[in-house]
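Let me begin by presenting the structure, written as structure tokens, before commenting on it.
There are 2 protein chains.
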Amino acid sequence: MRGRLHLRTIRKGERPLSEKCGGMLRKKRMTGSMAEYVKVAVDAMGGDNAPGEIVKGAVEAVQAEKNIKVYLVGKQDQVEAELAKYEYPKDQVEVVNATEVIAMAESPVAAIKGKKDSSIVKGLYMVREGKCDAFVSAGSTGAVLVGGQVIVGRAKGVERPPLAPLIPTEKGASLLVDCGANVDAKPSNLVQFARMGSIYMEHVVGIKNPRVGIVNNGAEEEKGNALVKATFPLLKACPDINFIGSVEARDIPSGAADVIVCEAFVGNVILKLYEGVGGTLIRMVKAGMMTSTRSKVGALLIKPALKETLKAFDLEQYGGAPLLGLKGLVVKTHGSSKAIEIRNTILQCLTFREQDINGKIQKAISGSVG
Amino acid sequence: MRGRLHLRTIRKGERPLSEKCGGMLRKKRMTGSMAEYVKVAVDAMGGDNAPGEIVKGAVEAVQAEKNIKVYLVGKQDQVEAELAKYEYPKDQVEVVNATEVIAMAESPVAAIKGKKDSSIVKGLYMVREGKCDAFVSAGSTGAVLVGGQVIVGRAKGVERPPLAPLIPTEKGASLLVDCGANVDAKPSNLVQFARMGSIYMEHVVGIKNPRVGIVNNGAEEEKGNALVKATFPLLKACPDINFIGSVEARDIPSGAADVIVCEAFVGNVILKLYEGVGGTLIRMVKAGMMTSTRSKVGALLIKPALKETLKAFDLEQYGGAPLLGLKGLVVKTHGSSKAIEIRNTILQCLTFREQDINGKIQKAISGSVG
């Protein structure tokens with residue numbers, strides 16, 4: 031199956047990290063005090079299930095992988111109370127006190143400016159200052175996106191860092207870039223999305239020479255809005271991008287491309303409609319099965335098989351969405367994240383580091399590849 | 031259930047048409063030779079199943095409704111060979127010979143200009159010249175959209191005629207405006223879409239005071255791309271539009287608004303992703319049920335109930351999508367239309383006429399309502 035995540039192999043924690051890590055990572059290790067770890071700051075207060083599920087996920091991550099150290103950023107007493115419930119290697123978890131919490135409804139810009147002692151601002155500063163390699167949050171998407179750009183900062187040459195979630199398809203998963211907060215992108219932004227997305231799919235997800243498609247309102251080259259029409263020839267001219275042309279929204283779920291490039295407004299519509307149509311259809315199928323005695327019996331019999339199928343189409347199983355093109359790694363997970371998603375996302379940070387994704391992006395954007 | 035189509039009641043053919051029809055319709059009747067009919071030109075050559083299913087659908091429509099006359103436009107010998115298979119009231123069907131066919135892959139503008147004797151061009155001219163009240167086609171969407179505007183023409187004051195399909199939701203159906211070919215709309219276009227869509231939902235679908243939402247990348251008022259931000263206050267200021275604010279794509283399938291307003295590129299993504307996610311999920315559910323003997327038995331038991339449920343979520347059952355704001359009625363049905371969809375779409379034309387939708391749109395756009 032295409033799109034099988036590397037993180038499934040990471041779980042075993044067997045790979046010799048020292049042989050695999052890239053330049054940026056090695057440099058960081060030599061200056062850090064705990065040279066052997068990939069260090070991940072985790073927003074212990076973010077999302078619907080914080081701090082309970084977040085702390086549980088962090089514990090499960092360090093139990094699975096000895097090369098990771100997690101910094102749980104949040105209200106110290108609450109985080110420690112949760113931590114006390116588990117057995118885990120103590121030197122792999124540290125609590126960093128943050129007295130404020132950014133709520134979902136707050137204005138992202140005002141919150142990032144005003145709440146200096148929030149878990150999001152503090153966690154992002156740990157990445158900025160090189161104390162951590164990555165920051166993971168299930169909190170306010172807007173605050174993470176704004177904070178990622180303002181505090182961690184864009185890598186040199188990156189015009190706009192896109193949020194790039196994996197979405198399920200019949201063939202595995204595709205990367206949807208951009209689903210971020212900055213709408214009305216320019217053609218050159220979209221070309222960078224394609225380039226950064228290709229690197230992620232190739233080196234984190236393991237798809238060789240990933241197929242890049244641009245979301246369009248028709249398959250023909252003359253179709254498109256002004257943005258797509260201007261971007262199409264630019265993508266076609268990139269020797270380092272495996273551009274397959276236009277992808278109609280109809281063909282996204284069947285896996286028509288590995289990297290789906292679009293402007294953030296459209297990306298948001300795609301991501302949320304995926305959830306919406308999927309959720310509605312599943313509710314309707316379940317309700318439909320309850321309409322007669324005959325179908326109720328049938329429902330009992332198909333339940334295990336159906337559960338397995340629907341799990342493969344559950345957006346949340348794909349872990350967090352990275353904000354690509356920053357100076358450090360920032361990953362946003364679903365607000366409804368449970369421990370398993372937090373655990374997988376933390377482990378994903380290891381692959382990101384091992385594969386030196388930031389180094390590769392930097393090299394590709396600065397034009398030294400292609 | 032909200033969104034129950036009037037056409038289900040039309041089937042009985044009981045309503046006294048003369049009492050219900052509006053000004054435009056009456057005027058046309060007095061000049062026409064067959065004053066008692068609503069006259070519908072049907073593209074007999076359009077779509078994957080032409081002419082067989084198209085002719086069958088036309089026959090079923092006149093069998094169901096004595097106030098309709100259908101003009102089957104297409105290759106005379108082929109259409110007559112199909113017609114010969116059925117018993118039907120002969121005075122309600124007429125064949126109009128058209129020697130050319132516009133293929134799906136042709137450039138719409140070139141085809142409309144070049145193929146003067148095609149079923150699409152000829153059918154549209156019948157509306158333009160007042161010989162017919164409506165034109166129905168399952169052929170090239172592009173050609174129908176271009177031809178509708180060029181041949182039939184926009185109603186006075188209408189800036190851009192949107193294509194407005196009904197999409198299924200948990201509560202019934204919502205109208206998605208615009209899914210047409212003209213992308214990159216202006217704020218004033220979107221306000222007209224909202225107004226025309228409201229009239230359609232209220233008078234054709236029967237939703238009193240329909241809720242109008244604008245597709246946005248967040249529920250908050252400050253969210254949106256440049257187009258949405260500029261359109262939001264305009265919609266808010268319209269006393270004749272029941273504007274409920276932003277609708278996230280996630281909430282469209284649960285029926286968050288009756289009229290979903292968006293620019294055509296976004297509308298195309300929504301419509302096609304609806305199909306794509308729905309189709310993929312249903313294939314996966316079916317495949318999932320075939321994985322064990324237990325689930326296979328279960329599948330047999332739930333089959334009838336599931337079929338009924340999935341039918342409610344099938345885009346094709348909702349008949350054709352009108353191109354709103356033209357001087358006459360032009361309706362595009364799915365390329366894969368079977369007889370039932372053609373029949374329902376032809377009957378839909380009756381409601382459109384009965385309710386004088388064009389007259390109401392003209393009145394609303396010219397500002398005499400509000």
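In the order they appear, the protein sequences are chains A and B. Going by my numbering, the first sequence opens with residue 31, and the numbers climb by one from there. Going by my numbering, the second sequence opens with residue 31, and the numbers climb by one from there. Glycine included, every Cβ here is placed at the ideal spot set by N, Cα and C.
Inclusion of A/V166 and A/D78 in the CB contact set at 8 Å is not warranted, their separation being larger than that value.
The C-beta distance from B/L113 to B/V85 rounds to 6 Å, short enough to fall under 8 Å.
Nearest in C-alpha terms to A/G365, of all of A/E305, A/A80, A/V70 and A/S325, is A/A80. Counting C-beta atoms within 10 angstroms of its own C-beta, B/V139 has fewer than 16 neighbours from the protein chains shown and is therefore classed as exposed. Proximity of the region 367-377 of chain A to the region 338-349 of chain A meets the contact definition, three or more beta-carbon pairs being nearer than 8 Å. When only Cα atoms are considered, B/R158 and A/G275 end up about 38 Å apart. In the pairwise beta carbon analysis, the region 318-327 of chain B is classified as touching the region 335-343 of chain A: at least three pairs are separated by under 8 Å. DSSP lists A/L206 and A/G243 as the bridge partner or partners of A/I290. In summary, B/N388 is buried, with 16 or more beta-carbon neighbours lying within 10 Å of its beta-carbon over all protein chains present. Non-local C-beta neighbours of B/V213 in its own chain, meaning closer than 6 Å and more than five positions away in sequence, comprise A294 and F295, ordered along the chain.
About 5 Å separates the beta carbon of B/C209 from that of B/L301, a gap short enough to meet the 8 Å contact definition. Where A/N272 is concerned, there is no enclosing alpha helix (DSSP H), although the beta strand (DSSP E) around it starts and stops at N272 to E278. Taking a 10 Å sphere around the C-beta of B/E66, we find fewer than 16 other C-beta atoms and assign the residue as exposed.
A straight-line Cα-Cα distance of about 14 Å links A/D121 and A/A71. With a beta-carbon spacing of about 17 Å, A/A211 and A/L257 fall beyond the 8 Å limit used to define contacts. Here A/A287 has S204, R241, V242, G243, I274 and V277 as same chain residues with Cβ atoms under 7 Å from its own Cβ, once five neighbours each way along the sequence are excluded. Across the set B/M226, B/A94 and B/A173, the C-alpha of B/M226 shows the shortest separation from the C-alpha of B/S396.
Leaving aside the five residues that flank B/S367 on each side, the residues in its chain whose CB is nearer than 6 Å to its CB run, in chain order, G77 and A168.
When CB distances to chain A are screened at a threshold of 9 Å, the residues of the region 297-313 of chain B falling below it are G297, N298, V299, I300, L301, K302, L303, Y304, E305, G306, V307, G308, G309, T310, L311, I312 and R313, in chain order. Distance from the CA of B/A173 to the CA of B/M231, rounded to the nearest whole angstrom, comes to 26 Å.
Secondary structure of B/K337 (DSSP, three-state): helix. For A/K186, there is no enclosing alpha helix (DSSP H), as DSSP marks it with neither H nor E. Where A/I197 is concerned, the enclosing beta strand (DSSP E) starts and stops at L196 to T199. The beta-carbon distance between B/I391 and B/A185, rounded to whole angstroms, is 6 Å. This is short enough to meet the 8 Å contact definition. Under the three-state reduction of DSSP, B/P263 is assigned to helix. If you draw a straight line from the Cα of B/V361 to the Cα of B/K341, it is about 22 Å long.
A contact is defined here as three or more CB-CB pairs under 8 Å, and the region 179-197 of chain A fails this definition with respect to the region 247-266 of chain A.
Residue pairing from DSSP places A/I98 in a beta bridge opposite A/V68. No Cβ of chain A is located within less than 8 Å of the beta carbon of B/E251.
In the three-state scheme derived from DSSP, where H, G and I count as helix and E and B as strand, A/S167 is classed as strand. Here A/G87 has A369, I372 and R373 as same chain residues with Cβ atoms under 6 Å from its own Cβ, once five neighbours each way along the sequence are excluded. One thing to note: A/N127 has its Cβ no nearer than 8 Å to the Cβ of A/L380. Between B/V289 and B/A224, the C-beta gap is smaller than 8 Å, which places the two residues in contact. Annotation: B/Q179 to B/L154 spans about 10 Å, alpha carbon to alpha carbon. Contact check for B/T261 and B/V207: beta-carbon distance about 13 Å, past the 8 Å limit, so the pair fails to qualify.
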